[in-house]
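*Asks:* Before we start, here is the structure in question, set down as structure tokens.
There are 2 protein chains.
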Amino acid sequence: MQQTEHIKEFGGWLNRYKHESTSCNCSMTFSVYLPPQATVSPVPVLYWLSGLTCSDDNARTKAGMQRYAAELGLAIVFPDTSPRGADVADERSRWDLGKGAGFYVNSTQEPWRSHYQMYDYVTRELPALIESELPVLKDRKSICGHSMGGHGALICALKNPGAYRSVSAFSPICNPILSGWGQGCFSAYLGSDEESWKEYDATCLIEDGAQKIPLLIDCGSNDEYLVDQLYIDSLVTACRANDFPLNLRMQRDYDHSYHFVSSFIGEHLAYHAEALHGDRDR
Amino acid sequence: MQQTEHIKEFGGWLNRYKHESTSCNCSMTFSVYLPPQATVSPVPVLYWLSGLTCSDDNARTKAGMQRYAAELGLAIVFPDTSPRGADVADERSRWDLGKGAGFYVNSTQEPWRSHYQMYDYVTRELPALIESELPVLKDRKSICGHSMGGHGALICALKNPGAYRSVSAFSPICNPILSGWGQGCFSAYLGSDEESWKEYDATCLIEDGAQKIPLLIDCGSNDEYLVDQLYIDSLVTACRANDFPLNLRMQRDYDHSYHFVSSFIGEHLAYHAEALHGDRDR
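Right, dumping it as structure tokens:
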């Protein structure tokens, strides 16, 4: 991997890298914040998955996470949200399908499947690369995300028991097989067999008996996508029916934007830090 | 003034307004963050002036100020950086002249002078509007800015003794009559008489005996504009020669970006809060 940016921030370094991804079969860009502690010894890692239309740049610029990461001694990895490049399939007339809208699934359908393998990319290829190249601890990773990335964080944690020490989400798309955004992407990337969609749907995974891990979710009561796209209620029902641990915090008057995310990101980072540094003192 | 956005953030509200400016003779947009305390009683105000190419959106999105403002009970006003609109003069081929580059001066030259009156706008018209319409304290304002906005903050404070309780700047253009950016804008907005430029140059104002107010300035040692545009050394020399109080902190390895600003904005807000809340306990 090739470092393309190196920016000092809160005593640590915000780096950007480019590499040839074998999962996505194209050149991929991602950013990593390394806190000051990483110059002394390896640190735990939080993976941040962003939402529709985002790249690796949105959260690193707007979420205000680096301040807390520097205090707590956490690295943060910001992957892109889809494969990129001139030969990658896209739907130019739509911002909610194709580039910027990978939905963290492995596509099985033409013309998408040759590049849209974001699930493998964020759960396997990228962590392996990060762990081999950067000063991070191998068995201490957590995951968090916003909107489409909140969906991504939930399914990555639910489908990989033990891989993540903690998971949290802001305004996640909880039941994408019912949401317009989810249906648009899943039908394109996964085809018409709706059974295959359930494998990438947090609510369905919990209904199907996913291994328990506590879910911390913040959502704004004034989120403009709450009713039509997020389907938080579906997740709540599934968690109740399956005795699945969910801490859902409906935050009064907040919307779907990064102004909302920034308001509570400090609490999420503290939550992950506790899980990630957990047995440091044992 | 008309409110066009109302976004909950850190328990307070980030609002955006539009109004017809008499100084700039056009419709202007600005943002204000009102901390939670402002719902109880009026709060002090910090004016933030942004740099070249920015609008009212950059700092509110990238600087991470609102978190500290909420803790400290400060309102923050984010003005635009120039007049806007189809009939406002511009130099489309350049990003460092015209729209987005008002340089906080009152233009005297055609075709600029009918709209480019940003000095009057930020020092007179906007504070009067804010003080009449929003829950802020009249005699408690401070000013801060970045790059071209750092220059703006310094000249506003230096030219208006007593108007601002404190002033600070990130990576300011300290001696614009020597910098390429400053010369380009000053020659256009103020004409060929270079004597008239000095009225808007922090270094010249200090050399000419400006009333003393402590200056807090942070600048990155790896700032890509440090040598060619900022002329910090000129300011240091002028301050030494005139016994002018300057706290210049060269921050090792930091650059010119908002990643640098966000790293130290908390310290600047604490500095301003101390001045602004100063005699609360007297």
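Chains P and B, in that order, give the protein sequences. Numbers given in my numbering equal positions in the first sequence, counted from 1, plus 65. Numbers given in my numbering equal positions in the second sequence, counted from 1, plus 65. Just so it is clear, CB atoms sit at the ideal spot from N, CA and C, and this is done for glycine as well.
#1: Can you confirm whether B/Y319, when its beta carbon is compared against all beta carbons of chain P, has any partner nearer than 8 Å?
#2: Is P/V142 near P/Y169, with beta carbons less than 8 Å apart?
#3: Just tell me which of P/Q68, P/K73, P/Q67, P/T69 has its CA closest to the CA of B/S328.
#4: Residues in the segment 73-104 of chain P with C-beta within 7 Å of chain B's C-beta atoms, listed in sequence order?
#5: Check the Cβ of B/S327 against every Cβ in chain P and list those closer than 8 Å, keeping chain order.
#6: I want to know whether the segment 240-254 of chain B touches the segment 223-230 of chain B - three or more CB-CB distances under 8 Å.
#7: Quick check: what's the CA-CA separation for B/S96 versus P/Y319?
#8: Quick one: residues in its chain with C-beta nearer than 6 Å to the C-beta of B/G116, no 5 flanking neighbours on either side, listed in chain order?
#9: If you drop the 5 nearest sequence neighbours on each side, which residues of the same chain put their C-beta closer than 7 Å to that of P/H299?
#10: Could you please give the first and the last residue of the uninterrupted beta strand (DSSP E) stretch that includes B/A267?
#11: From P/N315 to P/D283, what does the alpha carbon distance come to, in whole angstroms?
#12: Name the residues in the segment 293-323 of chain P whose C-beta lies less than 7 Å from a C-beta of chain B; which are they?
#13: From B/H216 to B/A234, what distance separates their C-alpha atoms?
#14: At a Cβ cut of 7 Å, what residues of the segment 107-128 of chain P count as close to chain B, listed as they run along the chain?
#15: Please determine whether the Cβ atom of B/R81 lies at a distance below 7 Å from any heavy atom of the ligand NAD.
#16: DSSP puts B/M315 in a beta bridge; with which residues?
#17: Provide the residue span of the beta strand (DSSP E) that contains B/E70, from first to last.
#18: Hey, quick one: how far does the alpha helix (DSSP H) through B/N307 stretch, first residue to last?
#19: For my contact list, P/E272 and P/A303 are in at a C-beta cut-off of 8 Å; report their separation, rounded to the angstrom.
#20: For B/N228, name the three-state secondary structure that DSSP assigns.
#21: When you compare only the Cα positions, how much space is there between B/R347 and B/P107?
#22: For a quick check, are the C-beta atoms of B/W160 and B/Y254 less than 8 Å apart?
#23: When you compare the CB positions of B/L280 and B/L139, do they come within less than 8 Å of one another, or not?
#24: Quick one: Cα of P/V326 to Cα of P/A128, how far?
*Replies:* Taking the coordinates as given:
#1: The count along the second sequence starts at 1 and reaches residue 319 of chain B at position 254. It does: the Cβ of B/Y319 has a partner Cβ on chain P nearer than 8 Å.
#2: Taking the first residue of the first sequence as 1, we reach residue 142 of chain P at position 77. Taking the first residue of the first sequence as 1, we reach residue 169 of chain P at position 104. Not a contact, by the Cβ cut-off of 8 Å.
#3: Sequence index remark: in the second sequence, residue 328 of chain B carries index 263 (1-based). Closest option to B/S328, Cα to Cα, is P/K73.
#4: K73, E74, F75, L79
#5: Counting from one through the second sequence, the residue named residue 327 of chain B turns up at place 262. By Cβ distance, chain P contributes E74, F75, G129, Q131, R132.
#6: Contact between the segment 240-254 of chain B and the segment 223-230 of chain B is absent, because fewer than three Cβ pairs lie under 8 Å.
#7: If you number the second sequence from 1, residue 96 of chain B lands on position 31. If you number the first sequence from 1, residue 319 of chain P lands on position 254. Cα to Cα, B/S96 sits roughly 18 Å from P/Y319.
#8: Residue mapping note: residue 116 of chain B aligns to position 51 of the second sequence, counting from 1. Same-chain partners within the cutoff: H211, S212, M213, G214.
#9: Numbered from its first residue, the first sequence carries residue 299 of chain P at position 234. Per the sequence shown, the amino acid found at residue 299 of chain P is Ser instead of His. Within the same chain, and ignoring the five residues on either side of P/S299 in sequence, the residues whose Cβ sits closer than 7 Å to its Cβ are C239, N240, L243, T268.
#10: As a first step, residue 267 of chain B is located in the second sequence; it is residue number 202 there, counting from the start. Counting along the chain, B/A267 falls outside any beta strand (DSSP E), though it belongs to the alpha helix (DSSP H) covering 267-272.
#11: Against the first sequence, residue 315 of chain P aligns to sequence position 250. Against the first sequence, residue 283 of chain P aligns to sequence position 218. Inspection of the sequence shows that residue 315 of chain P is occupied by Met rather than by Asn. In a straight line, the C-alpha of P/M315 is about 6 Å away from that of P/D283.
#12: D318, Y319, D320, S322
#13: The sequence position of residue 216 of chain B within the second sequence is 151, counting from 1. The sequence position of residue 234 of chain B within the second sequence is 169, counting from 1. Between B/H216 and B/A234, the C-alpha separation is close to 8 Å.
#14: T126, K127
#15: Ligands displayed in this structure: none; no statement on the ligand NAD is therefore possible.
#16: To locate residue 315 of chain B, count along the second sequence from 1; it is residue 250. DSSP, once it has assigned bridges, lists B/C284 as partnering B/M315.
#17: The sequence position of residue 70 of chain B within the second sequence is 5, counting from 1. Note, B/E70: beta strand (DSSP E), 67-74.
#18: Start at 1 with the first residue of the second sequence, and residue 307 of chain B comes out as number 242. Segment 297-307, the alpha helix (DSSP H) holding B/N307.
#19: To locate residue 272 of chain P, count along the first sequence from 1; it is residue 207. To locate residue 303 of chain P, count along the first sequence from 1; it is residue 238. Yes, P/E272 and P/A303 are in contact; Cβ-Cβ is about 5 Å, under 8 Å.
#20: Counted from its first residue, the second sequence places residue 228 of chain B at position 163. Reading the sequence as shown, one finds Ala at residue 228 of chain B and not Asn. Looking at B/A228 - three-state DSSP - the assignment turns out to be coil, as it is neither helix nor strand.
#21: If you number the second sequence from 1, residue 347 of chain B lands on position 282. If you number the second sequence from 1, residue 107 of chain B lands on position 42. With a pLDDT of 39 at B/R347, under the threshold of 50, the predicted position of this residue should be treated as unreliable, and no value is reported.
#22: The residue you call residue 160 of chain B lines up with position 95 of the second sequence. The residue you call residue 254 of chain B lines up with position 189 of the second sequence. No.
#23: Locating residue 280 of chain B in the second sequence gives position 215, counting from the first residue. Locating residue 139 of chain B in the second sequence gives position 74, counting from the first residue. Taking C-beta atoms as the reference points, B/L280 and B/L139 fail to come closer than 8 Å.
#24: Reading the first sequence from its first residue, position 261 is the one you call residue 326 of chain P. Reading the first sequence from its first residue, position 63 is the one you call residue 128 of chain P. Roughly 6 Å separates the two Cα atoms.
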